[in-house]
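**Student:**
2 protein chains.
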Amino acid sequence: MLWVESQAMSDVSAKRKPTIRQIAAQAGVSRSTVSRVINGGHWVSPDARQAVEEAILATGYTANHHARSLATGRAGSLAFLLTEPQQLLFDDPTFALLLRGAAEALAQRAMTLVLLVAGTPAERESVAQFLSAGHVDGVILISSHESDPLLDQLIEVGIPTVCCGVPLGHERELSTISVDEVASARTMAAHLVAQGHRRIGMIAGPDDTPGGRYRLVGFRDELGELFDETLVERGDYSYESGLAAMTRMLEHDVDAVFAASDRMAAGAIAAARRAGRRVPEDIAIAGFDDSGLAATHEPPITTMRQPWDQISAQMVAVLLEVIAGASPRSVILDTELVVRETA
Amino acid sequence: MLWVESQAMSDVSAKRKPTIRQIAAQAGVSRSTVSRVINGGHWVSPDARQAVEEAILATGYTANHHARSLATGRAGSLAFLLTEPQQLLFDDPTFALLLRGAAEALAQRAMTLVLLVAGTPAERESVAQFLSAGHVDGVILISSHESDPLLDQLIEVGIPTVCCGVPLGHERELSTISVDEVASARTMAAHLVAQGHRRIGMIAGPDDTPGGRYRLVGFRDELGELFDETLVERGDYSYESGLAAMTRMLEHDVDAVFAASDRMAAGAIAAARRAGRRVPEDIAIAGFDDSGLAATHEPPITTMRQPWDQISAQMVAVLLEVIAGASPRSVILDTELVVRETA
DNA sequence: CATTCGACTGGGACCGGTCTCAGGTTGTCA
DNA sequence: TGACAACCTGAGACCGGTCCCAGTCGAATG
């Protein structure tokens with residue numbers, strides 16, 4: 001009876017994942033030594049290390065993340081937090097670019113990405129609770145609006161956070177990764193002027209987003225006397241808003257338009273065409289982001305390329321620094337003018 | 344001195360998250376009772392329950408996920424696994440739809456979504472290891488190709504898995520959520536015929552994907568004698584492949600084309616225009632998916648709508664069933680013809 | 001030759017939960 | 001009144017790691 005039971009036991013343990021104790025037993029060392037080998041292997045004799053490594057290889061041992069997190073207090077994961085109203089974000093190809101980049105950067109570090117969506121108030125509540133419970137080590141915040149109330153919660157909880165764009169008023173407490181919005185807008189404005197355009201309009205983004213405010217600033221600065229207040233419309237970065245803004249804009253005499261996002265540019269192009277204007281012959285239209293949509297659009301859209309891969313890589317890198325104890329810091333990256341067919 | 348030290352201690356413990364022991368002490372019960380209250384609260388006296396609930400409310404206690412996972416053996420999270428070559432997937436708006444739906448469904452159940460990308464061989468390796476280590480309870484597999492080697496690994500490891508589309512040969516071992524491809528294709532083919540078209544071509548997807556194979560089957564079945572083998576081209580669901588396929592197709596006489604994805608349809612429309620054909624006047628072009636791109640495309644694309652919200656909800660629901668011990672099962676959902684302007 | 005130092009090792013406490021199980025109350029039924 | 005069930009409770013053993021610390025041993029130092 002006893003024999004049968006122990007037989008059953010060993011059957012079970014053969015099925016289960018090996019633990020650090022089994023590795024220790026098999027290698028003839030203590031758990032502590034195995035742990036040392038796993039974590040860098042300092043102060044371990046070559047013999048011991050080899051025995052442990054062989055045992056690990058033989059059994060296919062993998063450390064239990066949960067046990068480790070419990071013991072160390074580190075979660076080994078970051079949250080990718082989306083706070084935009086869903087429609088906006090999931091339409092937006094840029095979010096996918098950031099997500100992939102972040103996932104890639106984390107995988108290289110043997111960490112994981114947890115996706116959090118805080119669209120509805122109920123979702124925001126449960127997300128806030130999740131984050132303050134310390135289930136993740138840090139937060140990658142994807143939100144263009146500066147006024148996001150979740151920001152204050154994150155700061156209060158004190159969880160390391162990095163965001164893209166610059167949330168005004170929090171420069172000291174949060175790390176940010178952004179592009180030089182003003183310079184980027186100047187570059188595009190200069191390009192449009194260089195193409196010979198004089199009556200140049202802008203479809204700006206919301207004023208409470210960095211991209212909405214500073215791209216307009218750069219545009220105005222560069223245009224100087226050419227700048228015409230009546231040729232500025234607002235959109236919310238979406239296709240529809242670009243279409244609506246362009247429809248209004250067409251009531252004025254305009255020969256070029258700079259939209260603050262590729263999607264708005266696409267909407268603007270559609271509006272221009274419906275009005276019987278040719279792009280770029282009758283009216284030039286440029287976008288911003290180079291989100292993938294710009295290249296495949298018919299015709300391909302001239303735009304400012306944001307360095308998405310660098311942005312996501314930097315977000316992860318800076319966030320990990322902060323988690324390791326560094327002070328929050330901000331990184332500003334360069335954009336690049338990509339001339340295609342629409343302007 | 345002792346006083347100072349205990350003062351310091353209580354300061355520290357005030358900063359740290361409360362544990363179940365502190366709740367127990369505050370409520371004047373044992374840890375076991377607190378645990379019972381947290382998990383449903385059966386076999387707990389009203390008095391004890393109330394005391395515990397008050398203590399939880401007062402302290403803002405939240406259970407430590409890692410500790411719980413360690414004790415229960417359940418991870419409390421699912422993996423959202425992308426196995427496509429990155430380009431294809433992140434261009435594809437459908438993936439974002441599925442991702443959001445899944446995240447939402449999981450948040451409601453207080454579980455989390457871990458994003459895993461298995462693009463490169465190195466990534467595949469580490470993902471496989473991650474999954475077999477049991478760090479997540481189940482896998483939502485996003486891969487349209489049936490031949491995916493990761494599939495075999497998942498089956499071997501025995502981790503509960505659900506996929507969208509039907510991976511041939513694994514119907515017994517994996518759960519699948521899919522749409523009725525054949526019927527959907529027949530519906531669209533019937534629509535094109537009803538519009539008066541007779542020379543109808545198809546830009547099919549890869550033959551090793553369910554959407555590639557069965558949409559063609561349905562198309563052929565419905566067309567009957569109208570079906571013309573020479574009017575079938577292959578693409579890989581991408582915009583570029585649609586453009587290339589359409590360019591070839593235009594060498595034949597054709598008055599309508601059914602593309603197996605919206606992106607290919609968009610590419611096909613671009614190709615048709617470059618060749619000087621008007622859509623839909625000279626040639627009707629329809630897509631498949633209704634991924635968001637179809638509605639905002641200029642002109643809006645006629646397509647078959649896949650029920651993305653239902654698909655993601657069902658994936659989560661079925662996967663959780665399997666994790667709870669149920670047998671794998673397959674769900675087939677209906678699609679809907681959405682007539683817009685291109686066909 | 002005694003002392004000190006540094007590399008290496010293992011024991012045990014701990015992280016914060018869950019879960020089994022033995023025991024204590026109370027109520028009901030024979 | 002005794003037996004037995006139903007309800008409620010807390011002690012203690014886990015889960016699988018990390019990490020502090022005490023201790024061993026050989027070599028170098030004074």
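Residue numbers (the working numbering), protein chains in the order written: chain A, 1 to 343; chain B, 344 to 686.
Beta carbons: idealized from backbone N, C-alpha and C, even for Gly.
Where does Phe601/B sit, in a helix, a strand or coil, going by DSSP?
**Tutor:** DSSP places Phe601/B in strand when its eight states are reduced to three.
**Student:** Quick check: is the beta carbon of Gln129/A nearer than 8 Å to any beta carbon in chain B?
**Tutor:** Yes, Gln129/A counts as interfacial toward chain B.
**Student:** Short check: CB of Met454/B to CB of Leu421/B, under 8 Å?
**Tutor:** Yes, they are a contact pair.
**Student:** Please check if any C-beta of chain B sits within less than 8 Å of the C-beta of Glu298/A.
**Tutor:** Yes - at least one Cβ of chain B is within 8 Å of the one on Glu298/A.
**Student:** Compute the Euclidean distance between the alpha carbons of Arg186/A and Ala618/B, then round it to the nearest angstrom.
**Tutor:** The alpha-carbon atoms of Arg186/A and Ala618/B are separated by roughly 37 Å.
**Student:** Using a Cβ cut-off of 8 Å (strictly closer), state whether Val482/B contacts chain A.
**Tutor:** Val482/B does not count as touching chain A.
**Student:** Look up Phe80/A in the DSSP assignment and give the residues it is bridged to.
**Tutor:** Leu115/A, Ile140/A, per the DSSP bridge assignment.
**Student:** Distance cutoff 8 Å, beta carbons only. Does Ala14/A sit that close to anything in chain B?
**Tutor:** Note that Ala14/A scores 43 on pLDDT, short of 50, meaning its location in the model is unreliable; the coordinates nonetheless yield the value given after this. Not closer than 8 Å to any Cβ of chain B, the Cβ of Ala14/A fails to qualify, so no.
**Student:** Name the residue from Glu156/A, Glu171/A, Arg278/A whose alpha carbon lies nearest to the alpha carbon of Cys163/A.
**Tutor:** Ranking Glu156/A, Glu171/A, Arg278/A by Cα distance to Cys163/A puts Glu171/A first.
**Student:** What residue range is occupied by the uninterrupted beta strand (DSSP E) comprising Thr504/B?
**Tutor:** It spans 504–507 - the beta strand (DSSP E) in which Thr504/B sits, taken as one unbroken run.
**Student:** Note down, in chain order, every chain B residue with its Cβ under 8 Å from the Cβ of Leu113/A.
**Tutor:** Result: Val457, Leu458.
**Student:** Can a CB atom of chain B be found closer than 8 Å to the CB of Val217/A?
**Tutor:** Closer than 8 Å: no.
**Student:** Taking 8 Å as the CB-CB limit, is Gly477/B close to chain A?
**Tutor:** Judged by the 8 Å Cβ criterion, Gly477/B is in contact with chain A.
**Student:** Report the three-state DSSP secondary structure of Trp346/B (helix, strand or coil).
**Tutor:** Note on Trp346/B: pLDDT 33, under 50, position unreliable in the model; no value is reported.
**Student:** By the three-class DSSP mapping on this structure, what secondary structure does Val622/B have?
**Tutor:** Val622/B falls in the coil class under three-state DSSP.
**Student:** Could you tell me whether the Cβ atoms of Ala602/B and Ala611/B are closer together than 8 Å?
**Tutor:** Cβ distance < 8 Å, so Ala602/B and Ala611/B count as in contact.
**Student:** For Asn407/B, which residues from the same chain have a beta carbon less than 8 Å from its beta carbon, with the 5 sequence-adjacent residues on both sides left out?
**Tutor:** Cβ within range, chain order: Lys360, Thr362.
**Student:** Which parts of the stretch 212–258 of chain A are runs of the alpha helix (DSSP H), unbroken and 4 residues or longer, counting only runs that do not cross its ends?
**Tutor:** Those alpha helix (DSSP H) runs which fall completely within the stretch 212–258 of chain A and span 4+ residues are 239–249.
**Student:** Would you mind stating whether Thr685/B and Ile654/B have Cβ atoms separated by less than 8 Å?
**Tutor:** No, they are not a contact pair.
**Student:** Say whether chain A places a C-beta atom closer than 8 Å to the C-beta of Thr426/B.
**Tutor:** For Thr426/B, the answer is no, since every Cβ of chain A falls outside 8 Å of its Cβ.
**Student:** Three Cβ pairs or more, each shorter than 8 Å: is that satisfied between the stretch 671–680 of chain B and the stretch 468–481 of chain B?
**Tutor:** Cβ pair count under 8 Å is below three, so no.
**Student:** Would you call the stretch 585–602 of chain B in contact with the stretch 539–548 of chain B, where contact means no fewer than 3 C-beta pairs closer than 8 Å?
**Tutor:** Yes, the stretch 585–602 of chain B is in contact with the stretch 539–548 of chain B.
**Student:** Which chain A residues are close to Thr405/B, counting only those with a beta carbon under 9 Å from its beta carbon?
**Tutor:** What Thr405/B touches in chain A: Gln129, Phe130, Ser132, Ala133, Gly134, His135.
**Student:** Which residue comes first and which comes last in the alpha helix (DSSP H) that contains Val316/A?
**Tutor:** Per DSSP, Val316/A belongs to the alpha helix (DSSP H) from 308–323.
**Student:** Please work out which residues of its chain come closer than 6 Å, Cβ to Cβ, to Glu565/B, disregarding the five sequence neighbours upstream and downstream, and give them in chain order.
**Tutor:** These residues qualify, in order along the chain: Arg529, Ala532, Ala533.
**Student:** Could you name the residues of chain A that Leu413/B contacts, counting a contact when the two beta carbons are closer than 8 Å?
**Tutor:** Here the neighbours are Asn64, His66, Ala67, Leu70.
**Student:** Assign Asp354/B to one of three DSSP states: helix, strand, or coil.
**Tutor:** A caution first: Asp354/B carries a pLDDT of 38, below 50, which makes its placement in the model unreliable, though a value can still be read off. The answer is helix: DSSP assigns Asp354/B an H, G or I state.
**Student:** Would you be able to state if there are at least three C-beta pairs under 8 Å between the stretch 553–560 of chain B and the stretch 516–528 of chain B?
**Tutor:** Cβ pair count under 8 Å is three or more, so yes.
**Student:** Buried or exposed for Gln314/A, going by 16 or more other Cβ atoms inside 10 Å?
**Tutor:** Looking at its Cβ environment, which holds 16 or more other Cβ atoms inside 10 Å, Gln314/A is buried.
**Student:** Please look up how many angstroms separate the CB atoms of Phe438/B and Arg558/B, rounded, as I've assumed it's under 8 Å.
**Tutor:** Between Arg558/B and Phe438/B the Cβ distance is about 19 Å, and since that is not below 8 Å, they are no contact.
**Student:** When you compare only the Cα positions, how much space is there between Arg36/A and Ala48/A?
**Tutor:** Going by the C-alpha atoms only, they are around 10 Å apart.
**Student:** Going straight from the alpha carbon of Thr504/B to that of His409/B, what length do you get?
**Tutor:** Each residue's alpha carbon lies about 23 Å from the other.
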